[in-house]
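Student: Residue numbers (the numbering used here), protein chains in the order written: chain A, 15 to 367; chain B, 15 to 367; chain C, 15 to 367; chain D, 15 to 367. I have a structure here, written as structure tokens, and I will follow up with some questions on it.
4 protein chains.
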Amino acid sequence: MDFASDNASGASDRIMQALTAANVGYAPAYGADAATQEAQARLSALFERECDVFLVATGTASNALALSALCPPWGAIFAHEDAHVTGDECGAPEFFSAGAKLAGLAGEAGRIAPETLREGLSRFPRGLVKQAQPSALSLSQATECGTLYGLDEIAALCALAHEAGVRVHMDGARFANALATLGCAAADMTWRAGIDVLSLGASKNGAIACEAVVFFDKALAADMAFRRKRSGHTLSKGRFLAAQMNAWLADDHWLALARVANARASELAQGLARIAGVRIAYDVQVNEVFVVLPAPIDAALKAAGARYYDWPARRLPASLALGAGERFVRLVASFTHKPQDVAHFLAIAEKAA
Amino acid sequence: MDFASDNASGASDRIMQALTAANVGYAPAYGADAATQEAQARLSALFERECDVFLVATGTASNALALSALCPPWGAIFAHEDAHVTGDECGAPEFFSAGAKLAGLAGEAGRIAPETLREGLSRFPRGLVKQAQPSALSLSQATECGTLYGLDEIAALCALAHEAGVRVHMDGARFANALATLGCAAADMTWRAGIDVLSLGASKNGAIACEAVVFFDKALAADMAFRRKRSGHTLSKGRFLAAQMNAWLADDHWLALARVANARASELAQGLARIAGVRIAYDVQVNEVFVVLPAPIDAALKAAGARYYDWPARRLPASLALGAGERFVRLVASFTHKPQDVAHFLAIAEKAA
Amino acid sequence: MDFASDNASGASDRIMQALTAANVGYAPAYGADAATQEAQARLSALFERECDVFLVATGTASNALALSALCPPWGAIFAHEDAHVTGDECGAPEFFSAGAKLAGLAGEAGRIAPETLREGLSRFPRGLVKQAQPSALSLSQATECGTLYGLDEIAALCALAHEAGVRVHMDGARFANALATLGCAAADMTWRAGIDVLSLGASKNGAIACEAVVFFDKALAADMAFRRKRSGHTLSKGRFLAAQMNAWLADDHWLALARVANARASELAQGLARIAGVRIAYDVQVNEVFVVLPAPIDAALKAAGARYYDWPARRLPASLALGAGERFVRLVASFTHKPQDVAHFLAIAEKAA
Amino acid sequence: MDFASDNASGASDRIMQALTAANVGYAPAYGADAATQEAQARLSALFERECDVFLVATGTASNALALSALCPPWGAIFAHEDAHVTGDECGAPEFFSAGAKLAGLAGEAGRIAPETLREGLSRFPRGLVKQAQPSALSLSQATECGTLYGLDEIAALCALAHEAGVRVHMDGARFANALATLGCAAADMTWRAGIDVLSLGASKNGAIACEAVVFFDKALAADMAFRRKRSGHTLSKGRFLAAQMNAWLADDHWLALARVANARASELAQGLARIAGVRIAYDVQVNEVFVVLPAPIDAALKAAGARYYDWPARRLPASLALGAGERFVRLVASFTHKPQDVAHFLAIAEKAA
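Below, the structure written as structure tokens:
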């Protein structure tokens with residue numbers, strides 16, 4: 015009953031097998047191998063466009079490298095005030111960009127509204143030397159609240175950003191989960207809607223450690239090989255990153271894994287919603303359930319060994335404010351969870367209610 | 015016949031098995047798992063001292079993180095002018111330290127002589143505000159020339175550094191190979207000789223991607239968790255790094271692998287030395303052979319599909335200067351090479367001679 | 015009628031004379047001169063404590079250097095969301111600190127309330143690796159709204175910060191104006207209330223370009239000579255900075271200048287408050303008047319050649335929200351303004367009303 | 015008898031008068047004033063080309079800002095190993111560029127030979143990801159040895175650099191002294207020979223603190239306003255920087271001052287050369303004399319109160335190596351020195367000989 019995070023899970027069997035299969039013979043180092051070329055080709059095919067791809071081992075690296083390609087040291091990066099890049103990466107975007115400013119934007123359920131972006135952009139006038147220059151917008155799909163932007167919402171935000179000379183990054187740590195829900199083409203959710211660069215994460219959804227920075231505008235990637243190398247993110251045995259990515263994409267394995275995780279979250283949410291006193295905070299659109307639990311239920315679950323994180327109550331919308339004896343928590347499902355794991359969890363909660 | 019680098023090899027079977035074995039159940043993320051604790055304990059036992067250990071996926075990250083803990087942005091880092099940190103990491107030490115200066119020191123066969131260090135230190139007087147402040151010394155063991163420092167040489171260099179208020183880092187990308195040759199205790203080659211922090215590399219010697227920053231002085235590690243996180247080097251599924259390190263250390267697997275690689279290099283060197291016109295550039299103390307080849311031999315080997323790198327002729331000592339029709343090349347052996355691989359290589363060379 | 019900023023004024027006659035007087039003979043460079051020593055002694059005497067003093071030419075340098083001494087690259091700096099360090103220095107604190115995060119705090123009339131600081135601190139738990147570490151609090155005295163913190167308010171904020179292991183910086187770009195109003199000792203407004211380091215500005219109040227970073231805790235200044243030098247802020251002919259500071263402090267010249275500026279602002283505010291439709295936004299405690307003007311008055315003043323800045327309407331408290339046909343503007347008085355300048359300005363405004 | 019440095023002198027009377035004259039009325043801040051526009055126009059006229067000009071208060075800022083416009087964080091900056099940017103600015107170029115590598119080149123009498131540059135460039139192959147990318151060449155005119163590059167030498171070095179995709183910076187801390195000697199047009203010594211950006215120093219030659227970054231290629235200046243601001247080098251009362259520059263350039267005042275300094279150095283050198291045992295180290299082409307003094311002469315001069323710096327003996331060419339009882343020292347003349355100052359100095363030296 016570990017719902018602490020999707021990164022508490024291990025890797026899928028197919029990916030472990032791919033690692034072993036990759037461990038044969040010699041291969042040129044630092045990404046000059048055939049498997050890395052294959053990954054670039056697979057991603058270009060997936061996105062229906064020739065992309066420049068850089069594989070790395072962590073989502074923080076992927077996000078920070080991508081943003082550093084969009085933003086000078088004196089730039090401003092707009093992101094949701096609760097986005098991973100804003101508050102969960104110990105200042106990685108600031109480090110990789112040599113000092114950019116994260117401009118946090120408020121927004122319900124993790125989504126930035128176009129009006130909010132417009133207002134945010136207006137605070138950083140282009141050319142006003144005393145202020146950080148508007149440079150990048152980072153959208154999380156899925157969001158930190160487990161919700162999704164619709165394709166039209168992404169397009170609207172990208173259009174606003176581009177009008178202002180601002181490039182758009184998508185933090186796709188849970189891109190597969192999002193795509194599985196929306197059921198659209200990967201291109202629709204990215205460059206066709208205006209995304210310039212994507213951080214595509216496999217680590218939370220089946221890989222041991224594999225993320226891709228995918229540039230839809232190849233011109234933005236001109237310096238990326240240097241940025242990756244000097245930040246220590248160019249793995250010497252690149253074939254092992256590529257092997258993960260290739261197996262993940264093959265036969266839509268990635269979407270199959272994501273669908274399992276999403277289904278488990280949906281079951282969790284539906285089950286919890288039926289329990290008196292439990293309140294689901296946001297629409298459950300991918301594999302995360304944010305939920306207000308009565309303290310006895312929380313206590314019973316933890317006593318039974320369930321793992322999950324308390325979540326900051328200040329992030330709850332005013333309409334959902336915590337009452338006395340309530341806990342706000344996050345549950346994350348992964349491809350490793352079985353229906354019976356969820357059923358067991360729900361049974362404990364129901365009993366405690 | 016791929017002698018391009020030890021990172022052209024894959025991983026050892028034991029390490030692949032360990033990865034698979036680690037892929038069971040749930041584990042706390044970001045290094046809070048049991049396997050990571052075990053790695054810390056194993057390394058402390060190996061070094062006969064409680065160490066602070068930080069696992070990362072690349073040698074560049076390991077070196078740059080370690081150096082950033084020793085050196086302020088206005089510091090000078092002394093290293094051999096041909097050291098990996100000086101010229102092969104695209105400025106990673108400068109990036110992680112926020113601008114430190116790499117002060118390259120000359121030295122025969124990759125080794126810094128005490129007099130050279132003393133002279134180098136004298137160029138950066140402590141407290142002279144217009145100059146970078148002497149902060150760190152980085153020693154590569156084995157060196158970039160495949161040679162070794164003796165324990166007394168390490169001790170002498172560390173003593174000089176410490177007298178000058180300078181902390182000492184060891185780049186141990188090939189630490190196992192060095193230890194296998196010297197046959198001393200790991201502690202003897204490090205903190206007992208004065209080393210403050212070690213970058214211990216497993217990636218070139220059996221792992222898929224695993225390096226440890228090992229702090230012998232725990233006070234120096236105070237900020238390392240933040241440094242690692244913001245540089246994107248804290249892997250979410252830390253168990254997979256730890257699994258590699260634990261399997262690598264268990265039953266002296268690491269030394270067994272290193273001994274194989276060293277033996278192959280020794281065979282290569284002995285065989286080549288017998289061929290007319292071939293000159294071995296440096297003592298072969300670990301798994302690298304730097305050698306001057308007559309052009310016909312070089313051509314025959316490459317025609318037969320052998321892979322290895324040309325090496326900059328300027329690095330040759332004056333006494334070994336290249337003649338017309340000669341090539342300076344580097345051959346690196348790994349644990350994956352069989353005696354017959356070497357024999358085949360030598361046969362081609364002999365035939366071309 | 016230039017009320018755009020106090021830096022639109024020149025220097026006081028005494029300061030110009032001091033510059034000329036300093037231009038005699040030879041003096042050691044880079045602050046090793048006698049005048050710089052005198053400045054250090056004068057400031058130590060003024061603050062009733064031995065201080066470490068670093069003279070620089072700009073307020074941005076003074077603030078950013080001071081903050082960089084308090085905050086590691088992974089640190090968070092708390093400041094009012096409209097503070098100069100947050101939004102008017104093009105990311106200088108981020109640059110000098112190598113990537114720190116400015117955590118903007120809301121607050122009425124430019125002041126941070128203790129509860130707001132407490133809540134802000136709670137968002138950055140000490141030791142939580144994924145987040146910036148709470149490191150510095152920057153208080154502006156006078157604030158960006160031309161208001162003041164009382165001594166007890168400063169003490170309360172400093173106490174909260176210190177409890178959380180956070181050091182406190184004071185941006186004293188208008189320190190003289192603040193001290194002239196409060197009438198207390200300089201020590202009372204700084205270290206006795208808990209301030210660790212002060213950026214003391216003379217440039218807006220009589221100097222041509224002179225600011226002092228004043229460390230009350232000398233341990234914090236250990237690296238400052240290097241920080242100043244490598245940022246290019248160590249003037250070679252340091253005597254000319256020191257000459258300004260010494261003349262500014264001598265005979266309380268600085269306070270005399272500040273009192274003139276404050277008096278003019280007070281006259282402006284009183285005169286404007288009597289005009290129908292004009293609303294003063296904040297208490298006028300130093301030399302700045304933030305005021306809502308009916309459009310016809312604004313137009314008449316500008317037509318008559320008055321210079322002043324429009325101010326962002328979003329900074330107005332909700333209770334003061336702009337009506338149609340209103341302008342929110344800032345007027346800044348300096349020591350160079352005469353009562354008749356103010357009278358002339360007011361006459362135009364009154365006529366237009 | 016202060017020959018320690020040209021920055022031990024004060025400012026010229028004309029420049030002090032210009033400061034006083036500038037202290038009238040109000041002026042827009044941050045360089046938006048008329049005097050700053052005049053400086054831009056004067057420099058464009060002087061260089062016979064429309065330039066982008068940025069005034070700052072120190073040479074270190076001027077150099078570091080200029081280099082940061084030419085060099086990405088992963089770039090290499092080529093400069094003489096004894097150049098000011100390499101060893102006398104506490105890592106300012108590294109700081110402003112966010113981590114670039116200073117590649118020191120050897121060279122007799124402070125000059126880089128074309129072969130040396132060619133060899134240096136060959137060490138940093140374009141596109142080799144593991145190495146810093148060749149980005150900038152910095153030439154000091156006059157050099158750190160008080161010598162000059164001929165126009166053809168500058169052109170040859172610039173041509174080599176440009177062929178390699180490397181832009182060229184000139185450190186003109188003593189540009190006026192150099193131009194006074196060469197007697198050519200300012201354009202000849204800069205952009206006509208291939209210089210892309212010049213750091214033009216007035217501080218050592220008559221100003222209190224004034225330097226100009228002069229971009230001959232305006233495209234390179236695109237981000238400079240942000241770079242200057244965030245480094246704290248945009249003075250609020252910009253008119254006082256501009257007033258110095260304008261007075262310095264007017265009526266060739268700058269060249270008149272430089273000629274005086276150069277003449278004094280020439281007199282010093284000629285007088286010293288006549289004294290037995292004294293050896294002049296380098297041609298005296300501007301206002302610096304590097305000289306080997308017998309210890310008794312050195313002692314007598316210092317006893318008489320003469321100030322000058324000992325210079326590192328390791329910088330002497332082998333042919334000039336110090337004998338026992340000899341001192342290597344630097345004497346710098348300025349516009350403030352009178353012929354009798356030199357005569358007095360020489361008389362003491364002669365008497366001690």
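A virtual CB, placed ideally from N, CA and C, is assigned to each residue, including glycine.
State buried or exposed for alanine 287 (chain C), treating a residue as buried only when at least 16 other CB atoms are found within 10 Å of its CB.
Tutor: It is exposed - the Cβ of alanine 287 (chain C) has fewer than 16 other Cβ atoms within 10 Å.
Student: Judging by CA-CA distance, which residue of D:Ala257, D:Leu336 and D:Leu234 is the nearest neighbour of leucine 84 (chain D)?
Tutor: The candidate whose alpha carbon is nearest that of leucine 84 (chain D) is D:Leu234.
Student: Quick check: is any heavy atom of the ligand ZN less than 8 Å from the C-beta of phenylalanine 17 (chain A)?
Tutor: Ligands in the displayed structure: none, and consequently the ligand ZN is not present.
Student: In angstroms, rounded to a whole number, what distance separates the CA positions of tyrosine 40 (chain D) and arginine 328 (chain C)?
Tutor: Approximately 29 Å between the Cα atoms of the pair.
Student: Output needed for glutamine 299 (chain B): all residues of its chain with C-beta closer than 7 Å, excluding positions within five of it in sequence on either side, in chain order.
Tutor: The answer, listed in chain order, is Ala156, Gly160, Thr161, Leu162 and Thr195.
Student: In chain D, which residues lie less than 7 Å from phenylalanine 240 (chain A) when you measure between Cβ atoms?
Tutor: Within chain D, the residues near phenylalanine 240 (chain A) are Trp88, Val143 and Gln147.
Student: Contact criterion: CB-CB distance below 9 Å. Does arginine 28 (chain A) meet it with respect to chain B?
Tutor: No, its Cβ sits nowhere closer than 9 Å to a Cβ of chain B.
Student: May I ask which residues mark the beginning and end of the beta strand (DSSP E) holding aspartate 166 (chain B)?
Tutor: No beta strand (DSSP E) holds aspartate 166 (chain B); the alpha helix (DSSP H) holding it covers 165-177.
Student: Count the other CB atoms, across all protein chains shown, that sit within 10 Å of the CB of proline 331 (chain A); report buried if there are 16 or more and exposed otherwise.
Tutor: It is exposed - the Cβ of proline 331 (chain A) has fewer than 16 other Cβ atoms within 10 Å.
Student: Only counting the same chain, and skipping five residues up and downstream in sequence, which positions put a Cβ closer than 8 Å to that of arginine 293 (chain B)?
Tutor: Val305, Val306 and Leu334, listed in sequence order.
Student: Span of the alpha helix (DSSP H) holding lysine 243 (chain D)?
Tutor: Unbroken alpha helix (DSSP H) run through lysine 243 (chain D): 238-244.
Student: Cα separation between alanine 106 (chain C) and alanine 75 (chain C)?
Tutor: Their Cα atoms are separated by approximately 8 Å.
Student: Rounded to whole angstroms, what's the CA-CA distance from arginine 341 (chain D) to glycine 291 (chain D)? Just pull it up for me.
Tutor: The alpha-carbon atoms of arginine 341 (chain D) and glycine 291 (chain D) are separated by roughly 11 Å.
Student: I think threonine 350 (chain B) touches serine 23 (chain B), with their Cβ atoms under 8 Å apart; what is that distance to the nearest whole Å?
Tutor: Contact flag correct, Cβ pair sits at about 4 Å.
Student: Count the CB pairs spanning the stretch 44-58 of chain B and the stretch 257-276 of chain B that are closer than 8 Å, and state whether there are at least three.
Tutor: With the cut-off at 8 Å, the stretch 44-58 of chain B and the stretch 257-276 of chain B touch.
Student: Compute the Euclidean distance between the alpha carbons of valine 67 (chain A) and glycine 164 (chain C), then round it to the nearest angstrom.
Tutor: Approximately 56 Å between the Cα atoms of the pair.
Student: When the cut-off is 9 Å and only beta carbons count, does alanine 112 (chain A) lie next to chain C?
Tutor: With 9 Å as the cut-off, alanine 112 (chain A) counts as an interface residue toward chain C.
Student: Could you please tell me which residues of the stretch 264-296 of chain B, in chain order, have their CB closer than 7 Å to any CB of chain A?
Tutor: Per Cβ criterion, the list is empty.
Student: Who are the near neighbours of proline 310 (chain D) in its chain, counting only those whose CB is closer than 7 Å to its CB and skipping five residues on each side?
Tutor: Taken in chain order, the residues that qualify are Ala366.
Student: If you draw a straight line from the C-alpha of arginine 132 (chain A) to the C-alpha of leucine 174 (chain A), how long is it?
Tutor: Using only the alpha carbons, I get a separation of about 7 Å.
Student: Assess contact between the stretch 111-129 of chain C and the stretch 143-152 of chain C, defined as three or more Cβ pairs (one per stretch) separated by less than 8 Å. Is contact present?
Tutor: Cβ pair count under 8 Å is three or more, so yes.
Student: Based on the DSSP output, what are the partners of isoleucine 91 (chain A) in its beta bridges?
Tutor: In the DSSP output, where bridge partners are listed per residue, isoleucine 91 (chain A) has A:Leu116 and A:Ala150.
Student: Closer than 8 Å is the cut-off here; do at least three beta carbon pairs connect the stretch 93-109 of chain B with the stretch 244-257 of chain A?
Tutor: The stretch 93-109 of chain B, when compared against the stretch 244-257 of chain A, does touch it at the 8 Å Cβ threshold.
Student: Between B:Met15, B:Leu33, B:Asp47 and B:Asp16, which lies nearest to alanine 221 (chain B) when the distance is taken from Cα to Cα?
Tutor: If we check each option's Cα against that of alanine 221 (chain B), B:Leu33 comes out closest.
Student: Exposed or buried, which one is serine 140 (chain D) when buried takes at least 16 other CB atoms within 10 Å?
Tutor: For the record, residue 140 (chain D) in the displayed sequence is arginine; it is not serine. Exposed is the call here.
Student: Tell me the rounded alpha-carbon separation between serine 58 (chain A) and glycine 339 (chain A).
Tutor: Using only the alpha carbons, I get a separation of about 51 Å.
Student: According to DSSP, simplified to helix, strand and coil, what is leucine 336 (chain C)?
Tutor: Here leucine 336 (chain C) sits in coil by DSSP.
Student: Taking Cβ-Cβ distances shorter than 7 Å, what residues in chain C pair up with asparagine 21 (chain D)?
Tutor: Within 7 Å Cβ-Cβ: Ala43, Ser250 and Lys251.
Student: Taking the continuous alpha helix (DSSP H) assigned at leucine 214 (chain A), which residues delimit it?
Tutor: Here leucine 214 (chain A) belongs to no alpha helix (DSSP H); instead the beta strand (DSSP E) covers 211-215.
Student: Taking the beta carbon of alanine 187 (chain C) as the centre, do at least 16 other beta carbons fall within 10 Å, making it buried, or is it exposed?
Tutor: Under this definition alanine 187 (chain C) is a buried residue.
Student: Smallest Cα separation from asparagine 21 (chain C): which of C:Tyr322, C:Leu360, C:Glu364 and C:Ala357?
Tutor: For asparagine 21 (chain C), the nearest C-alpha among the options comes from C:Tyr322.
Student: Should lysine 352 (chain D) be labelled buried (16 or more other beta-carbon atoms within 10 Å of its own) or exposed?
Tutor: Counting Cβ neighbours within 10 Å, lysine 352 (chain D) comes out exposed, since fewer than 16 surround it.
Student: Taking CB distances under 9 Å as the criterion, tell me whether proline 128 (chain C) reaches chain A.
Tutor: For proline 128 (chain C), the answer is no, since every Cβ of chain A falls outside 9 Å of its Cβ.
Student: Between alanine 200 (chain C) and leucine 60 (chain C), which are expected to be in contact by the criterion C-beta below 8 Å, what is the C-beta distance as a whole number of angstroms?
Tutor: Rounded, the Cβ-Cβ distance is 5 Å, consistent with contact.
Student: Looking only at its chain, what residues have a beta carbon closer than 6 Å to the beta carbon of alanine 43 (chain B), apart from the 5 residues adjacent to it on each side?
Tutor: Same-chain partners within the cutoff: Ser250.
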